[in-house]
Every structure is written in structure tokens, then in C-alpha cells.
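So in my numbering, spot 91 of the sequence shown is number 114, and the numbers just go up one at a time. Taking it in order: structure first as C-alpha cells, then the write-up.
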Amino acid sequence: MDSNKLVLFEGNKIRRVTHKNEWWFSILDVVDALTNSPQPKTYWAKMKDRDGELSKPFPFWEQLKMVAGDGKMRETDVANTAGILRVVQSIPSPKAEPFKRWLAQVGYERIQEIENPELAQERMKLIYERKGYSKDWIEKRLRGIAVRQDLTDEWKEKGVKGASDFAILSAEISRATFGVTPGQHKNIKGLKQENLRDHMTDLELIFSMLGEKVTTEISKQEKPVVSKENYLDNPQNRKLLQ
């Protein structure tokens with residue numbers, strides 16, 4: 024599962040995350056965008072009460088962790104493109120048809136990115152350029168994403184599973200690199216829901232890459248482990264993360 028990302032539909036923020044190689048969208052955000060309800064959570068609950076097919080997860084929706092309004096990762100009702108279209112069918116809204124066209128375009132872009140990863144990188148580079156980041160910073164940021172992905176893949180191969188496990192290990196690397204956890208680092212910078220690395224300096228990005236690259240190389244030399252506890256029990260890994 025990928026990191027959370029935001030997209031806009033007519034000015035409304037829609038949270039989404041990659042899961043099973045496709046986009047999954049926050050149902051509450053979609054309900055809010057289409058109904059302008061002051062209580063989208065209540066609106067969605069009533070929809071589930073009225074519609075038997077939507078009353079329980081699967082096949083139309085499930086729960087994944089997303090960044091909530093308080094900045095914390097929380098279980099959120101989400102659906103892929105097909106599931107969202109099913110939800111939209113139950114919402115009487117003049118925005119329904121424009122939303123369907125928007126959803127089709129977003130889904131198509133994801134298919135393109137899966138088939139051509141370089142396209143995703145170019146789109147990301149363009150987004151950062153529009154935000155005013157320098158080319159040197161953007162290159163470091165994109166390189167850091169690649170290094171992080173290598174580390175994530177390595178951990179998965181060694182038996183580390185679950186978002187909480189990755190968060191614990193990532194916090195240890197951050198503590199070894201900066202002396203603080205990612206959450207503490209965000210507080211220092213005055214961030215809430217914003218992406219920490221998007222607010223790092225060039226040097227911070229370099230140090231982050233170095234810490235994760237070294238961790239990846241050490242992990243590759245070790246025998247497979249089945250949990251984060253075993254990983255951290257290894258003397259070499261503990262020495263790195265202290």
C-alpha cells in the first residue's frame with residue numbers, strides 16, 4: 024500500500040491511497056464532495072442502513088488507514104473505482120456525472136503509471152516544480168522515494184508486515200539520524216497533516232537517504248527474519264538504530 028495522497032474534485036479534497044495496484048478513495052470525502060452534507064459520516068451511515076449491499080464491507084468497500092483530520096492514521100472506509108461508482112449510484116446529486124468522468128480520468132492515470140513508472144516520476148516532478156521547489160531539491164526528493172521503496176521491499180522480504188511495524192522501524196531510523204521520531208520532527212517544524220519529507224531541507228533529505236540506504240544494505244546481509252522484534256534483536260541492526 025502506498026502513501027496517502029490528495030486529489031481535488033471541484034475544489035473538494037479526496038483522500039486516496041494505492042492498494043492492490045489501484046487507487047482507493049475515502050468514501051466520506053466522496054460523500055462530502057457530492058452532497059455538501061454538514062455531517063458526511065452520518066449521511067454515509069444512513070446510506071448503509073438503506074442499502075443492504077453497502078451495509079457491510081466487501082465487495083464494494085473495505086477499511087484502510089488514512090490520515091485523519093487530527094493528523095493521525097485511522098481506519099477509513101474506502102473503495103476502489105468500481106466500489107465508488109456503486110456508492111455514487113445511491114447518492115442523488117447533480118455532481119454525480121461530472122464526478123464519474125473525473126474518477127475515470129484519475130483511474131486511467133493510475134493505469135498509465137503502473138505500466139510506465141517513469142511517467143509517475145515525471146508527474147511528481149511537475150507537481151513539485153509547480154509548488155516552487157528547486158530542481159536540485161526535487162532530484163533529492165525523488166531519489167529519496169526510490170531509496171525508501173528499496174528499504175520497504177527489503178523489509179517485506181524479511182517478514183516485516185503491517186503499517187505499525189514499518190512505522191516502528193522507520194521511527195528508529197529517524198531517531199538514529201535526527202535524534203527524534205518522525206512525529207517529533209513534524210512537531211518541530213510545526214506540521215500537522217503535511218508530508219514531513221516535503222518540508223525537509225536538502226541536507227535532511229540526504230541524511231534520510233543515507234540512513235535508509237545503510238539499513239537496506241545491512242538487512243540484505245542478514246538471514247530472513249519473521250518480525251520486527253527479531254529484526255531489532257539483531258546486534259548489527261540495533262547498533263545502527265541506537
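Backbone N, C-alpha and C define an ideal beta-carbon position, used for all residues, glycine too.
Is the beta carbon of residue i less than 7 Å from the beta carbon of residue j?
{"i": "S49", "j": "T99", "result": "yes"}
{"i": "M70", "j": "S116", "result": "no"}
{"i": "L51", "j": "P63", "result": "yes"}
{"i": "A68", "j": "W84", "result": "no"}
{"i": "V129", "j": "Q216", "result": "no"}
{"i": "P205", "j": "L214", "result": "no"}
Span of the alpha helix (DSSP H) holding residue i?
{"i": "D221", "result": "Neither: D221 is in no alpha helix (DSSP H) and is coded neither H nor E."}
{"i": "I37", "result": "No alpha helix (DSSP H) holds I37; the beta strand (DSSP E) holding it covers 35-42."}
{"i": "E45", "result": "Segment 45-49 is the beta strand (DSSP E) holding E45; no alpha helix (DSSP H) there."}
{"i": "T297", "result": "The question about residue 297 has no answer, for the chain in this structure spans 24 to 265."}
{"i": "E162", "result": "158-180"}
{"i": "V110", "result": "104-112"}
{"i": "K64", "result": "63-73"}
Identify which residue in the options has its Cα closest to the Cα of residue i.
{"i": "G167", "options": "K71, T65, L226", "result": "L226"}
{"i": "Q244", "options": "G206, E180, K154", "result": "E180"}
{"i": "Y66", "options": "M232, V54, G75", "result": "V54"}
{"i": "L87", "options": "Q128, R38, N210", "result": "R38"}
{"i": "E240", "options": "W178, A56, S78", "result": "W178"}
{"i": "V111", "options": "V40, T58, F201, N210", "result": "T58"}
{"i": "W125", "options": "S187, I196, A56", "result": "A56"}
{"i": "S197", "options": "E45, I229, E141", "result": "I229"}
{"i": "I161", "options": "H42, T41, T224, E45", "result": "T224"}
{"i": "E141", "options": "I191, L165, T200, P82", "result": "L165"}
Span of the beta strand (DSSP E) holding residue i?
{"i": "L87", "result": "85-90"}
Output yes if chain D places a C-beta closer than 7 Å to the C-beta of residue i; else output no.
{"i": "I161", "result": "Any reference to chain D falls outside this structure, which holds one protein chain only."}
At a cut-off of 6 Å, would you count residue i as near the ligand FAD, judging by its Cβ distance to the nearest heavy atom?
{"i": "T104", "result": "The model on display carries no ligand, and the ligand FAD is accordingly not part of it."}
State the beta-bridge partners of residue i as determined by DSSP.
{"i": "T99", "result": "L87"}
{"i": "V30", "result": "I37"}
Sufficient close CB pairs (3 or more, under 8 Å) joining the stretch 142-157 to the stretch 84-98: Contact between the stretch 142-157 and the stretch 84-98 is not established, with fewer than three Cβ pairs separated by less than 8 Å.
Tell me, please, whether the stretch 217-236 touches the stretch 170-179 by the rule of three or more beta-carbon pairs shorter than 8 Å. Segments in contact, yes.
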